[in-house]
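2 protein chains.
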Amino acid sequence: MGKHRSRCPMNHAVEILGDQWTLLVVRDMIFHAKNSFSELSEMPEGIATNILTDRLNRLEASGIIEKRVDSHDARKRNYSLTRHGLGLIPVLLELMVWSRDHTSDVDVTHAVTKKIKRDREAAVVEIRDRLKQASSLARD
Amino acid sequence: MGKHRSRCPMNHAVEILGDQWTLLVVRDMIFHAKNSFSELSEMPEGIATNILTDRLNRLEASGIIEKRVDSHDARKRNYSLTRHGLGLIPVLLELMVWSRDHTSDVDVTHAVTKKIKRDREAAVVEIRDRLKQASSLARD
DNA sequence: TCTTTTACTTGCGTTTTGCAATTTAAATTG
DNA sequence: CAATTTAAATTGCAAAACGCAAGTAAAAGA
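As they're listed, the protein sequences go chains H and X. Residues in the first sequence are numbered consecutively from 978, following our numbering. Residues in the second sequence are numbered consecutively from 978, following our numbering.
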């Protein structure tokens, strides 16, 4: 029903991603190829387990990730990015470039942002390929 | 002291922009050339005035906007984007494209996202120019 | 069987939000 | 110039979200 505050695309993005943790979970899945609860719970910012559970559920509910029971270990849940989740790569890259330009409180080499600025599409493809590799290694 | 949770650029962005309102304030300043409290308080999502005050203060504190008393009306505060604030244009454009691709619950024509995808830099320049025009009209 | 691992869940105090009403100061109007 | 209107911000309070530590359930490993 009165589900959304408006039909503005930025509002839509903010309703899904707008908090202190959601994008960090996505970051770890995209840039660090993490795919389990325990790996994600070790992110350097220190997310609490109840919050992580909640964010993973929300991300699944909004179609950004998929959750499945690991085929080798029934305790494990395997989280993977959907097409829409992978679609966030350009957003994260822009945020990275912005932060790097905005502050020196951040660890990104100039070489990295330079590369992104020079050829964004190539940077996106590179990350997608790295992820594909990681997930094929993870698969038995 | 222990100011930031990490030195990751995405974390930095999230610490500044990661909530339900901040990016909507920036959106209205960038895309709708709004520059006063009352204009911003009328955004379609319905922001409360205490929240708006808080977000404007935070945005100023993090160097994304500047606040000054209007030269013609001492009740008015005039908000303007800094260089760093304008640097968020590419981020907002990527979020717009992502939302448009992610859901149909959003009002963006395909023409708009197509244009952005075809030539991002041109889209950024166009928005910057439009803003420059609006602010020069606003100036006495 | 006993221990460890993985993914949650619970309880509880703190913080942030949302909403309506109110306040302050400055401009406008009659 | 007194009364009204406007712009920005503040206050009070209930509801929701968060942060942390501890606890639980189920499966795996020793």
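Cβ atoms here follow ideal geometry from the backbone N, Cα and C, with glycine treated the same way.
Self-check item: Three-state secondary structure (DSSP) of Ile1007 (chain H)
Solution: Stepping through the first sequence from its first residue, residue 1007 (chain H) is reached at position 30. Helix.
Quiz prompt | Nearest-angstrom beta carbon gap, Leu1058 (chain X) and Ile1007 (chain X) [assumed within contact, 8 Å] | solution = Residue mapping note: residue 1007 (chain X) aligns to position 30 of the second sequence, counting from 1. Residue mapping note: residue 1058 (chain X) aligns to position 81 of the second sequence, counting from 1. That pair is a contact at about 7 Å.
Quiz item: Looking only at C-alpha atoms, which of H:Arg984, H:Asp1050 and H:Trp998 sits nearest to Thr1026 (chain H)?
Solution: Numbered from its first residue, the first sequence carries residue 1026 (chain H) at position 49. Of the candidates H:Arg984, H:Asp1050 and H:Trp998, the one whose C-alpha sits nearest the C-alpha of Thr1026 (chain H) is H:Trp998.
Quiz item: Can a CB atom of chain H be found closer than 8 Å to the CB of Val1083 (chain X)?
Solution: Position 106 of the second sequence holds residue 1083 (chain X). Closer than 8 Å to some Cβ of chain H, the Cβ of Val1083 (chain X) qualifies, so yes.
Exercise. Would you kindly report the start and end of the unbroken alpha helix (DSSP H) that includes Lys1091 (chain H)?
Key: Mapped onto the first sequence, residue 1091 (chain H) falls at position 114. From DSSP, the alpha helix (DSSP H) with Lys1091 (chain H) extends over His1087 to Arg1095.
Self-check item: Short CB-CB distance (under 8 Å) between Arg1107 (chain X) and chain H
Solution: Here residue 1107 (chain X) refers to the residue found at position 130 of the second sequence. Not one chain H Cβ lies under 8 Å of Arg1107 (chain X).
Quiz item: To the nearest angstrom, how far is it from the Cα of His981 (chain X) to the Cα of His989 (chain X)?
Solution: In the second sequence, residue 981 (chain X) corresponds to position 4, counting from 1. In the second sequence, residue 989 (chain X) corresponds to position 12, counting from 1. Between His981 (chain X) and His989 (chain X), the C-alpha separation is close to 8 Å.
Exercise. Using three-state DSSP, classify Glu1022 (chain X) as helix, strand or coil.
Key: To locate residue 1022 (chain X), count along the second sequence from 1; it is residue 45. Coil at Glu1022 (chain X), not helix or strand.
Quiz item: Would a check of beta-carbon distances place Met987 (chain X) closer than 8 Å to chain H?
Solution: By 1-based counting over the second sequence, the position of residue 987 (chain X) is 10. So, interface residue.
Quiz item: Would you call the segment 1061-1074 of chain H and the segment 1097-1115 of chain H touching, i.e. three or more CB-CB distances under 8 Å?
Solution: yes
Quiz prompt | Glu1019 (chain X) to Gly1040 (chain H) span [Cα, whole Å] | solution = The count along the second sequence starts at 1 and reaches residue 1019 (chain X) at position 42. The count along the first sequence starts at 1 and reaches residue 1040 (chain H) at position 63. In a straight line, the C-alpha of Glu1019 (chain X) is about 31 Å away from that of Gly1040 (chain H).
Quiz item: Which whole-angstrom value is the C-beta distance of Asp1047 (chain H) and Asn1034 (chain H), which I expect to be below 8 Å?
Solution: For this step, residue 1047 (chain H) is matched to residue 70 along the first sequence. For this step, residue 1034 (chain H) is matched to residue 57 along the first sequence. Between Asn1034 (chain H) and Asp1047 (chain H) the Cβ distance is about 18 Å, and since that is not below 8 Å, they are no contact.
Quiz item: Would you say His1087 (chain X) faces chain H, with C-beta separation under 8 Å as the test?
Solution: In the second sequence, residue 1087 (chain X) corresponds to position 110, counting from 1. No - not a single Cβ of chain H is within 8 Å of the one on His1087 (chain X).
Quiz item: For a contact meaning CB atoms closer than 7 Å, what does Leu1065 (chain H) contact in chain X?
Solution: The sequence position of residue 1065 (chain H) within the first sequence is 88, counting from 1. Per Cβ cutoff of 7 Å: Trp1075.
Practice problem: Measuring alpha carbon to alpha carbon, tell me which of H:Leu1065, H:His1087, H:Trp1075 and H:Thr1080 ends up nearest Glu1098 (chain H). | Solution: Translated into the one-based positions of the first sequence, residue 1098 (chain H) becomes position 121. Glu1098 (chain H) has its Cα closest to that of H:Leu1065, out of H:Leu1065, H:His1087, H:Trp1075 and H:Thr1080.
Quiz item: With a CB to CB cut of under 7 Å and the five nearest residues on each side skipped, what residues in its chain are close to Lys1011 (chain H)?
Solution: Here residue 1011 (chain H) corresponds to residue number 34 of the first sequence, with the count starting at 1. Only Asp1005 and Leu1017 meet the Cβ criterion.
Quiz prompt | Alpha-carbon to alpha-carbon, Lys1053 (chain H) and Glu1037 (chain X) | solution = Residue mapping note: residue 1037 (chain X) aligns to position 60 of the second sequence, counting from 1. Residue mapping note: residue 1053 (chain H) aligns to position 76 of the first sequence, counting from 1. Looking at the two C-alpha atoms, the distance is approximately 44 Å.
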